[in-house]
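S.K.: What follows is a structure written as structure tokens; I'll ask about it next.
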Amino acid sequence: RVCNTGDTAAANIVTSFVWDTSDPVYFNPYISVSGPVSQTLSTLPASGCADFYFNVLISRNAGALDTSRIYALTTTAAGLGTISTTTYREIYVAPLTPVSNLTTTSITGPTSVSVGRFYPIVVTETTSGTGYQQVEHFLNLPNSVLGLTSVSSTFTTPSGVTHDKLYADACGWSNDPFTSTYRTCIGPAPFTGGVVSGTLVTTYTVQVLQPGTVTLVNALYGYTNGAYHLASDSGADSLAINATQPLPSIYLPIVLRNSRLRRVVATPTPTRTPTASGTPATPTSTGTITPNPGATKTITPGEARIGQNFTFSIRITNNGSAPALSVIFTDTLASYNYLDIANLTTSKGTRNISGRVATANVGTVNPGEVVDVVLTVRVNNNATGTQTPCNTAQIRFTGGTRNSNQQCFRVIGGSTLPGTGEISLEEAAWLSMRKSLLTLFLILFPMGLLAFWLGGRAMRHSATGFRRYFAAGAILIAAALITGCGLLNLGGTPEGESQIDVFFTEVPLSTPTATPSETINPLAYMPTYLFATPVAAVEAQETLPSFPIPAPTIQSTPEAGETGPDTSAIERIVIPSINVDNPVAYVPFDGRTWLIRGLKQEVAWMGDTSWPGLGGNTGLAGHVTLRGIGNGPFRYLADLTLGDVITLETELNRYTYHVREKRTVEETDMTVVSQTETAQITLITCIDWDTTLEYYIHRVIVVAELVKVEPLPNVQSSK
Numbered sequence: 004r005v006c007n008t009g010d011t012a013a014a015n016i017v018t019s020f021v022w023d024t025s026d027p028v029y030f031n032p033y034i035s036v037s038g039p040v041s042q043t044l045s046t047l048p049a050s051g052c053a054d055f056y057f058n059v060l061i062s063r064n065a066g067a068l069d070t071s072r073i074y075a076l077t078t079t080a081a082g083l084g085t086i087s088t089t090t091y092r093e094i095y096v097a098p099l100t101p102v103s104n105l106t107t108t109s110i111t112g113p114t115s116v117s118v119g120r121f122y123p124i125v126v127t128e129t130t131s132g133t134g135y136q137q138v139e140h141f142l143n144l145p146n147s148v149l150g151l152t153s154v155s156s157t158f159t160t161p162s163g164v165t166h167d168k169l170y171a172d173a174c175g176w177s178n179d180p181f182t183s184t185y186r187t188c189i190g191p192a193p194f195t196g197g198v199v200s201g202t203l204v205t206t207y208t209v210q211v212l213q214p215g216t217v218t219l220v221n222a223l224y225g226y227t228n229g230a231y232h233l234a235s236d237s238g239a240d241s242l243a244i245n246a247t248q249p250l251p252s253i254y255l256p257i258v259l260r261n262s263r264l265r266r267v268v269a270t271p272t273p274t275r276t277p278t279a280s281g282t283p284a285t286p287t288s289t290g291t292i293t294p295n296p297g298a299t300k301t302i303t304p305g306e307a308r309i310g311q312n313f314t315f316s317i318r319i320t321n322n323g324s325a326p327a328l329s330v331i332f333t334d335t336l337a338s339y340n341y342l343d344i345a346n347l348t349t350s351k352g353t354r355n356i357s358g359r360v361a362t363a364n365v366g367t368v369n370p371g372e373v374v375d376v377v378l379t380v381r382v383n384n385n386a387t388g389t390q391t392p393c394n395t396a397q398i399r400f401t402g403g404t405r406n407s408n409q410q411c412f413r414v415i416g417g418s419t420l421p422g423t424g425e426i427s428l429e430e431a432a433w434l435s436m437r438k439s440l441l442t443l444f445l446i447l448f449p450m451g452l453l454a455f456w457l458g459g460r461a462m463r464h465s466a467t468g469f470r471r472y473f474a475a476g477a478i479l480i481a482a483a484l485i486t487g488c489g490l491l492n493l494g495g496t497p498e499g500e501s502q503i504d505v506f507f508t509e510v511p512l513s514t515p516t517a518t519p520s521e522t523i524n525p526l527a528y529m530p531t532y533l534f535a536t537p538v539a540a541v542e543a544q545e546t547l548p549s550f551p552i553p554a555p556t557i558q559s560t561p562e563a564g565e566t567g568p569d570t571s572a573i574e575r576i577v578i579p580s581i582n583v584d585n586p587v588a589y590v591p592f593d594g595r596t597w598l599i600r601g602l603k604q605e606v607a608w609m610g611d612t613s614w615p616g617l618g619g620n621t622g623l624a625g626h627v628t629l630r631g632i633g634n635g636p637f638r639y640l641a642d643l644t645l646g647d648v649i650t651l652e653t654e655l656n657r658y659t660y661h662v663r664e665k666r667t668v669e670e671t672d673m674t675v676v677s678q679t680e681t682a683q684i685t686l687i688t689c690i691d692w693d694t695t696l697e698y699y700i701h702r703v704i705v706v707a708e709l710v711k712v713e714p715l716p717n718v719q720s721s722k
């Protein structure tokens with residue numbers, strides 16, 4: 004798997020399989036490469052990955068047993084030099100025992116294919132018993148005729164997993180020949196349970212490289228507890244495929260009459276050319292104009308963490324000679340419960356998001372037309388460990404199906420501090436300025452009108468009073484107009500934010516005549532997504548649920564007549580130096596992060612941290628910015644200085660703290676909410692907005708220590 008981690012596309016990629024010449028057994032006659040040792044790719048987009056497959060042949064000879072050969076892979080690209088695998092790997096020939104609990108059920112796919120096209124081949128296999136720690140399954144694809152472009156496998160166990168390799172390592176295999184654990188399971192297990200079992204369904208996507216006839220058979224073997232097993236029916240099922248060059252396309256004109264588009268399709272009908280008497284007729288033929296839609300996918304950035312976004316950009320084209328009809332785009336992430344589709348846009352047609360499936364009904368794509376579809380995919384809290392999912396989009400049209408290129412990306416899971424920033428500081432400042440100007444306008448303009456009204460009343464009694472009121476009204480109205488101009492200059496979106504502009508152009512299809520033409524309502528042809536409720540508006544309507552507060556664990560029980568510690572809920576936080584006076588709401592920890600969805604102007608009391616009345620470390624998180632609102636309650640948290648005062652109020656007491664420390668940490672630094680011996684609070688918000696990821700990549704931490712506890716006045720008086 005070769006990935007382009009740069010910012011621009013790489014060209015003329017050549018990947019080669021090489022044997023290690025420093026290996027003492029460099030030449031092993033029993034292990035060789037069957038087929039090309041180098042493969043090429045014209046372009047690899049930025050942040051894209053591509054898989055290259057090489058066929059290695061083991062001679063069926065007793066002398067091959069327990070021999071090996073070390074290899075490496077090298078890749079070159081235009082202007083980028085050569086890279087190679089940093090760690091060598093070894094092909095080791097182990098004895099295989101034929102067993103009946105590994106079975107190839109079926110091999111299905113097309114029997115006639117055309118050069119240049121992509122086709123799926125599906126292999127179904129079964130395992131019985133307790134399963135296998137390692138499973139290897141592959142077709143003998145001759146990469147001179149059929150090039151393997153991607154693999155997708157599902158299993159009965161583990162369920163819900165889609166695997167993108169020929170080799171399923173379920174237990175954590177040691178494949179380094181220079182370690183003492185070589186060829187054993189050492190973990191951690193990539194698959195839950197450490198085994199693969201049940202029904203295995205693998206889809207091989209192949210590209211036809213050149214004409215030829217091939218017969219595909221499946222190899223299936225597995226490893227468990229030191230034993231290597233081979234499916235006893237290997238080779239019994241097969242699929243014969245004949246690859247030919249596609250028929251040439253002949254371009255015919257599209258005729259326009261009476262302002263209506265008519266599609267002319269010619270069928271391959273033999274015709275005769277008139278010739279002189281006695282001379283045989285010369286046969287000629289016409290061809291069929293055909294559509295040839297395709298899809299190209301890119302994914303940016305190459306990796307993301309919980310709460311961050313990927314952007315899937317898919318460009319749909321038609322390089323054929325006829326329109327592609329009823330084009331439907333589909334991208335599914337159903338196998339990845341740690342990814343959510345947050346948004347979908349299309350430059351043509353209608354769109355729909357159903358769970359983890361995105362669909363765009365594009366309609367007709369004319370020859371040479373380009374349609375862009377963009378998905379925003381967010382990593383949710385289900386992400387555990389580091390995953391490398393691969394994704395392929397699909398387009399269906401009248402007459403066929405096309406798959407895009409496969410793109411792989413990296414998801415970094417694990418526990419994270421809450422993401423408490425929804426927009427950049429610049430956008431928040433724009434929103435705050437707009438709200439301030441709007442508020443000022445709503446005050447000044449009515450006051451100006453009131454001054455004019457009062458002046459009108461005063462004119463009947465005093466000319467001086469009229470002039471004063473009129474002058475005041477004129478000043479207020481002028482100030483209101485200046486404020487209104489400021490609002491107009493700010494516009495409807497902050498600088499850098501995307502806008503949707505729709506242009507209509509009349510193009511006559513024929514010479515205009517005096518005949519009345521049909522009136523077309525342009526709204527009927529606008530894509531429906533222009534009328535959808537914006538994502539920001541939907542999110543702005545969300546509110547934080549009222550979570551139940553669990554009972555704390557108290558180490559010591561008070562004696563009779565003694566007052567126990569304060570275990571009442573935090574209700575309010577006040578930070579005078581940055582004008583914070585906000586309510587506090589409890590949010591639980593779900594094992595990965597805190598459930599702050601819907602949090603607005605409240606400050607989150609972080610579950611699994613302490614109570615102020617019990618000492619230890621109490622965690623509080625607040626938004627730095629809010630979408631559709633502007634500044635959050637902790638917008639200026641980073642401006643706090645040592646000694647600044649912070650107070651918390653519970654139902655019973657007021658707790659006063661002094662700032663002791665301030666620093667910036669990674670979002671994965673969970674140590675900041677670890678329990679402490681001293682009574683303190685830790686305030687958390689986001690910092691360092693990344694314009695590419697559209698996400699705050701760090702957290703600012705303010706630690707304050709307890710200096711005073713006093714009962715609230717109403718509580719004291721009631722006592």
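Just so you know, we're using the numbering used here here: the sequence shown kicks off at 4 and counts up by one. Positions of the beta carbon are idealized from the N, C-alpha and C atoms, including for glycine.
R92 and N178: beta carbons closer than 8 angstroms?
M.R.: Cβ distance < 8 angstroms, so R92 and N178 count as in contact.
S.K.: Can you say whether P48 is buried or exposed, counting buried as having 16 or more other CB atoms within 10 angstroms of its CB?
M.R.: Result: buried.
S.K.: Quick check on the burial criterion: 16 or more other C-beta atoms within 10 angstroms. Buried or exposed for I485?
M.R.: Classification for I485: exposed.
S.K.: Check this for me: beta carbons of Y122 and V209, under 8 angstroms apart or not?
M.R.: Closer than 8 angstroms, so yes.
S.K.: Between the Cα of S153 and those of G622, D172 and A53, spot the shortest distance and give me the residue it belongs to.
M.R.: Among G622, D172 and A53, the Cα nearest to that of S153 is on A53.
S.K.: Contact between the stretch 669-680 and the stretch 628-640 is defined here as three or more beta-carbon pairs at a separation below 8 angstroms; is this criterion met?
M.R.: Too few Cβ pairs lie closer than 8 angstroms, so no.
S.K.: Give the single residue among T159, G567, A230 and Y639 whose Cα lies nearest to the Cα of T129.
M.R.: Nearest of T159, G567, A230 and Y639 to T129, Cα basis: T159.
S.K.: Where does I503 sit, in a helix, a strand or coil, going by DSSP?
M.R.: Model confidence at I503 stands at a pLDDT of 30, short of 50, so the residue's coordinates are unreliable and nothing is read from them.
S.K.: Let me know if S155 comes out buried or exposed under the rule of 16 or more other beta-carbons within 10 Å of its beta-carbon.
M.R.: So S155 counts as buried.
S.K.: Less than 8 angstroms separating the beta-carbons of S235 and N221?
M.R.: No, they are not a contact pair.
S.K.: List the DSSP bridge partners of K665.
M.R.: According to DSSP, K665 bridges with V705.
S.K.: Please report the Cβ distance between V330 and T367, rounded to the nearest whole angstrom; I am assuming they are in contact, meaning their Cβ atoms lie under 8 angstroms.
M.R.: Indeed they touch by this definition, with Cβ atoms about 7 angstroms apart.
S.K.: State the DSSP-derived secondary structure class of F57, mapped to helix, strand or coil.
M.R.: F57 falls in the coil class under three-state DSSP.
S.K.: Please list, in chain order, all residues of the same chain as S62 whose beta carbon is under 6 angstroms from its beta carbon, the five residues on each side excluded.
M.R.: Result list for S62: Y33, in chain order.
S.K.: Go ahead and pull the three-state DSSP assignment for W692.
M.R.: Of the three classes helix, strand and coil, the one that applies to W692 here is strand, per DSSP.
S.K.: Have a look at V204 and T127 and give me their C-alpha separation to the nearest angstrom.
M.R.: Taking the straight line from one Cα to the other gives about 5 angstroms.
S.K.: Note down, one range per segment and in chain order, each alpha helix (DSSP H) of at least 4 residues found wholly within the stretch 151-180.
M.R.: Correct list: empty.
S.K.: Sort S183, A230 and V164 by Cα distance to T202 and report the nearest one.
M.R.: The residue with the shortest Cα to Cα distance from T202 is V164.
S.K.: Measure the C-alpha to C-alpha separation of T272 and W22 and round it to an integer number of angstroms.
M.R.: Here the model assigns T272 a pLDDT of 44, short of 50, so the residue's position is not dependable and the matter cannot be decided.
S.K.: Along the chain, where does the beta strand (DSSP E) that runs through E652 open and close?
M.R.: Note, E652: beta strand (DSSP E), V648 to T653.
S.K.: Any idea if F458 is buried or exposed, counting beta-carbon neighbours within 10 angstroms, 16 or more meaning buried?
M.R.: In the sequence under discussion, the amino acid at residue 458 is Gly, which differs from the Phe named in the question. That one is buried.
S.K.: CB-CB under 7 angstroms to L223, same chain, minus the five flanking residues each way: which ones, in chain order?
M.R.: Here the set comprises L105, T107, E128, H140, A234 and S237.
S.K.: I need the boundaries of the beta strand (DSSP E) containing G196, first residue and last residue.
M.R.: Note, G196: premise wrong, no beta strand (DSSP E); not H, not E.
S.K.: Would D662 be called buried (16 or more neighbouring beta carbons within 10 Å of its own) or exposed?
M.R.: Checking the sequence, you will find Val at residue 662 rather than Asp. With 16 or more Cβ atoms within 10 Å of its Cβ, V662 is classed as buried.
S.K.: In terms of DSSP beta bridges, what is A588 paired with?
M.R.: For A588, which the question treats as bridged, DSSP gives the partners A607.
S.K.: What separation, rounded to the nearest whole angstrom, lies between the Cα atoms of E669 and V40?
M.R.: E669 and V40: Cα-Cα distance of roughly 44 angstroms.
S.K.: Please name the residue in T362, I356, K351 and V380 whose C-alpha comes closest to that of N369.
M.R.: The shortest Cα separation from N369 among T362, I356, K351 and V380 belongs to K351.
S.K.: For the stretch 196-255, list the beta strand (DSSP E) runs that are entirely contained and at least 3 residues long, ordered along the chain.
M.R.: Listed in chain order, the complete beta strand (DSSP E) runs (minimum 3 residues) inside the stretch 196-255 are 199-211, 215-227, 230-234 and 241-247.
S.K.: What does the alpha-carbon distance come out to for the pair T100 and D167?
M.R.: C-alpha separation (whole angstroms): 27 angstroms.
S.K.: By DSSP's criteria, K300 is part of a beta bridge. Which residues make up the other side?
M.R.: Bridge partners of K300: I317.
S.K.: So V21 is in the beta strand (DSSP E); what residue range does that whole segment cover?
M.R.: Looking at the DSSP string, the run of the beta strand (DSSP E) that includes V21 is A13 to W22.
S.K.: Specify the secondary structure class of R72 as computed by DSSP and reduced to three states.
M.R.: In the structure shown, R72 sits in a strand (DSSP, three-state: E or B).
S.K.: Nearest to N394 by CA position, among T404, F412, A386 and G402, is which residue?
M.R.: The candidate whose alpha carbon is nearest that of N394 is F412.
S.K.: Between E652, V590 and A386, which lies nearest to E574 when the distance is taken from Cα to Cα?
M.R.: It is E652.
S.K.: So, with DSSP's three-state summary, where would you put L547?
M.R.: DSSP places L547 in coil when its eight states are reduced to three.
S.K.: Taking the beta carbon of R470 as the centre, do at least 16 other beta carbons fall within 10 Å, making it buried, or is it exposed?
M.R.: Result: exposed.
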